[in-house]
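So the sequence lines, in the order shown, correspond to chains A and B. Just so you know, the numbering used here puts 189 at position 189 of the first sequence, and the rest follows in order with no gaps. Whatever position you read off the second sequence (first residue = 1), add 1000 for the numbering used here.
There are 2 protein chains.
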Amino acid sequence: MKIIKSINEMQRTAFEVREKNERIGFVATMGALHKGHLSLVDIVKKGADVIIISIFVNPKQFGTSEVSPQEDYERYPRDVEQDIKILEDKKVDIVFIPDTYEMYPEGHLSYVNVQELGEVLCGKSRPGHFKGVCTVLVKLFNIVKPDITIFGEKDMQQAIIVKKMVEDLNFDIEVITGPTIRENDGLAISSRNIYLSAQQRKDVPILYKSLVIAKEMIEKGERDSTVVIEKIRSLIEKKDAKIDYIDIVDKKDLTPAKSIKGDVLIALAVYFGSTRLIDNIVIGVNP
Amino acid sequence: MKIIKSINEMQRTAFEVREKNERIGFVATMGALHKGHLSLVDIVKKGADVIIISIFVNPKQFGTSEVSPQEDYERYPRDVEQDIKILEDKKVDIVFIPDTYEMYPEGHLSYVNVQELGEVLCGKSRPGHFKGVCTVLVKLFNIVKPDITIFGEKDMQQAIIVKKMVEDLNFDIEVITGPTIRENDGLAISSRNIYLSAQQRKDVPILYKSLVIAKEMIEKGERDSTVVIEKIRSLIEKKDAKIDYIDIVDKKDLTPAKSIKGDVLIALAVYFGSTRLIDNIVIGVNP
């Protein structure tokens, strides 16, 4: 496994791979790798010859907001040595670990934004978050030159935004998604789960549980989003938790779905202490 | 000469050219081709094997502003047949003429912006203009896949912004510039010059003339930008013209240069009737 730290070297290497007509599969990560990331590697491997994983904690996608005046960029978990071991075992071809100052030298001014899609759900409580995500991904796409890239459905809004950006800006990259990987009790695996106290860890499975209950309500015929959202809210509020948002939106354009029809996304973000967890479920309702 | 209209075909063709290890040289234009464009083709030819010219009047870079409530997208000169003839004579390899609805299908949401640099000079009087320019260029770069591209120094701010964007977003494209091409009386050649009445056509050489006089003042020792700007203003105001802006800025970051030192850009935009013309000059002052 090759470890590349310089942007130039990564760009040159990607160029050489493509010259050999080999397909590059790419997974962008912020490190602190877990089963969720590895499942994405497994999926993307099927569509590519050379697998490149980036590890870069992108400062531009952390921000300050009213809800969370100091987001967790500094304390975001980092363990590059462990990550490298994991990726070696996984037989990844190249790990790209760029330097923050090379990625964002002083005077960086260029940003990419997907309007509207980036302003709802997580974008509402984390202003600038998706602008940071889109900007770093355009950079990484230009450096790594993937033929195919994959995003986890745990961050469904991110996956939808990236697909839209790739389409709008004519990157010829195939964007696919991989299902959310969960612990046995339903908790979506996330690098941020390590922040949870023992009690919080006992409480957090309510997120997925409430989504499953919502799904059952809809399957039994409920079509009023307000009723479903209130049910989820009442279940979560039984725990020591602070709800950031619970929303039901059209999966296509993320606009609010007052009544439930077609493919809807039920998405939520909840604080347990200062740890903000997200989860979601997609439900298809045939008319 | 190959004429390509579909984005997919252009992308596939560019891919094939690059597979043969041939360098793609690219000039993005809005058509209505003149000597200025052709001089760019001549320059870029020296650094490339295959020359691709795009003709696309980009609606996103026209806007509405206080100064010009209705910019000239609809009336912008278009003569694709004539353009094609000119490019055939010029032995260009490929002309890419995309369709507006394929470039911006309904629901386009993704934009690229170079903050600060895009908010001064022309960006101040044409809000959103450079965001439109950057967005269409990212699209064209992803479709045409150039190794080298060239921009005219008549639009110096645009050239500076594109260079910054390409660097910030890690496109591995060489961006070069070509000098402003002028009529014998100094008027910078522009597609918009055809809008001028006979009297206006007699008046407009004052733009370049005043820039040359400014240059002479600086060469003789003047270092106060205000004095130089006032001189230019007084010269232009003798004509039937409305000044949009006259600014002297640091060429590097486009910040105002109160006193003149290093490389400065003197840039202006002036209305003759409803026709807005721009011009500029770069002056290097050694300390």
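Where is the CB? At the ideal position from N, CA and C, for every residue including glycine.
{"Asked": "Near residue 260 of chain A, what residues of its chain come up, given a Cβ to Cβ distance below 8 Å and the 5 sequence neighbours on each side ignored?", "Found": "218, 222, 223, 224, 225, 228, 248, 283 and 285"}
{"Asked": "Check the Cβ-Cβ distances between residue 165 of chain A and every residue of chain B, and say whether any is below 7 Å.", "Found": "yes"}
{"Asked": "On the DSSP letters alone, give me the boundaries of the beta strand (DSSP E) that residue 1117 of chain B sits inside.", "Found": "That residue, residue 1117 of chain B, is in no beta strand (DSSP E); it is neither H nor E in DSSP."}
{"Asked": "Considering only residues of the same chain and omitting the five flanking positions on each side of residue 1230 of chain B, which have a CB-CB separation below 6 Å?", "Found": "none"}
{"Asked": "In terms of residue numbering, what span does the alpha helix (DSSP H) encompassing residue 1141 of chain B cover?", "Found": "1129 to 1144"}
{"Asked": "Output, in sequence order along the chain, the residues in the segment 119 to 152 of chain A whose CB is closer than 7 Å to any CB in chain B.", "Found": "138, 139, 142 and 143"}
{"Asked": "Can residue 184 of chain A be considered in contact with the ligand ADP, in the sense that its beta carbon sits closer than 6 Å to one or more heavy atoms?", "Found": "What this structure holds is no ligand at all, so the ligand ADP is not there to describe."}
{"Asked": "Between residue 994 of chain B and residue 1132 of chain B, what straight-line distance do the alpha-carbon atoms span, to the nearest angstrom?", "Found": "Lying outside 1001 to 1287, the shown extent of chain B, residue 994 of chain B is not represented and no answer is given."}
{"Asked": "What is the DSSP secondary structure of residue 7 of chain A, counted as helix, strand or coil?", "Found": "helix"}
{"Asked": "Thinking just about the alpha-carbon of each residue, which of A/214, A/267, A/184 and A/6 is nearest to the one in residue 100 of chain A?", "Found": "A/6"}
{"Asked": "Check whether the segment 46 to 58 of chain A touches the segment 88 to 106 of chain A, taking contact to mean three or more Cβ pairs, one atom from each stretch, closer than 8 Å.", "Found": "yes"}
{"Asked": "What in chain B is Cβ-close to residue 58 of chain A, meaning under 7 Å?", "Found": "Residues of chain B passing the Cβ test: none, with the nearest at roughly 14 Å."}
{"Asked": "In chain B, what lies closer than 7 Å to residue 116 of chain A by C-beta?", "Found": "1109"}
{"Asked": "Given that a residue counts as buried once 16 or more other Cβ atoms are within 10 Å of its Cβ, and exposed if not, what is residue 1198 of chain B?", "Found": "exposed"}
{"Asked": "Which of helix, strand or coil does DSSP assign to residue 87 of chain A?", "Found": "helix"}
{"Asked": "Taking only beta carbons into account, state which residues of the segment 1003 to 1033 of chain B come closer than 7 Å to chain A, listed in chain order.", "Found": "1007 and 1011"}
{"Asked": "Note down the Cα distance separating residue 1265 of chain B from residue 1036 of chain B, rounded to an integer number of angstroms.", "Found": "20 Å"}
{"Asked": "I'd like to know if the segment 42 to 51 of chain A and the segment 113 to 130 of chain A are in contact, where contact means that at least 3 CB-CB pairs between them fall below 8 Å.", "Found": "no"}
{"Asked": "Got a sec: which bits of the segment 1167 to 1178 of chain B sit with their beta carbon under 7 Å from any beta carbon on chain C, in order along the chain?", "Found": "Judged by its chain identifiers, the structure shown contains no chain C, and its protein chains are A and B."}
{"Asked": "With C-beta atoms as the reference, is residue 1149 of chain B less than 7 Å away from residue 1114 of chain B?", "Found": "no"}
{"Asked": "Using a 10 Å radius around the Cβ and a threshold of 16 neighbouring Cβ atoms, would you call residue 1105 of chain B buried or exposed?", "Found": "exposed"}
{"Asked": "Kindly say whether residue 1113 of chain B, judged by its beta-carbon, lies nearer than 7 Å to any beta-carbon of chain A.", "Found": "yes"}
{"Asked": "If we ignore side chains and look at the alpha-carbon of each, how far apart do residue 58 of chain A and residue 30 of chain A end up?", "Found": "7 Å"}
{"Asked": "Would you give the residue range spanned by the beta strand (DSSP E) that residue 212 of chain A belongs to?", "Found": "Note, residue 212 of chain A: premise wrong, no beta strand (DSSP E); alpha helix (DSSP H) at 206 to 219."}
{"Asked": "What's the gap between the Cα of residue 78 of chain A and the Cα of residue 3 of chain A?", "Found": "17 Å"}
{"Asked": "Can you tell me whether residue 947 of chain B is buried or exposed, with buried defined as 16 or more other CB within 10 angstroms of its CB?", "Found": "As shown, chain B starts at 1001 and ends at 1287. That puts residue 947 of chain B outside it, with no answer to give."}
{"Asked": "I need the boundaries of the beta strand (DSSP E) containing residue 276 of chain A, first residue and last residue.", "Found": "275 to 285"}
{"Asked": "What does DSSP give as the partner residues of residue 1151 of chain B in its beta bridges?", "Found": "B/1177"}
{"Asked": "Taking all protein chains shown into account, do 16 or more other C-beta atoms lie within 10 angstroms of the C-beta of residue 262 of chain A, making it buried, or fewer, making it exposed?", "Found": "exposed"}
{"Asked": "Do residue 139 of chain A and residue 1170 of chain B count as a contact pair if the criterion is CB distance below 7 Å?", "Found": "yes"}
{"Asked": "Note down, one range per segment and in chain order, each beta strand (DSSP E) of at least 3 residues found wholly within the segment 1006 to 1058 of chain B.", "Found": "1024 to 1029 and 1050 to 1055"}
{"Asked": "Which residues does DSSP pair with residue 80 of chain A in a beta bridge?", "Found": "DSSP output for residue 80 of chain A lists no bridge partner at all."}
{"Asked": "Going by the CB atoms, is the gap between residue 1204 of chain B and residue 1272 of chain B shorter than 7 Å?", "Found": "yes"}
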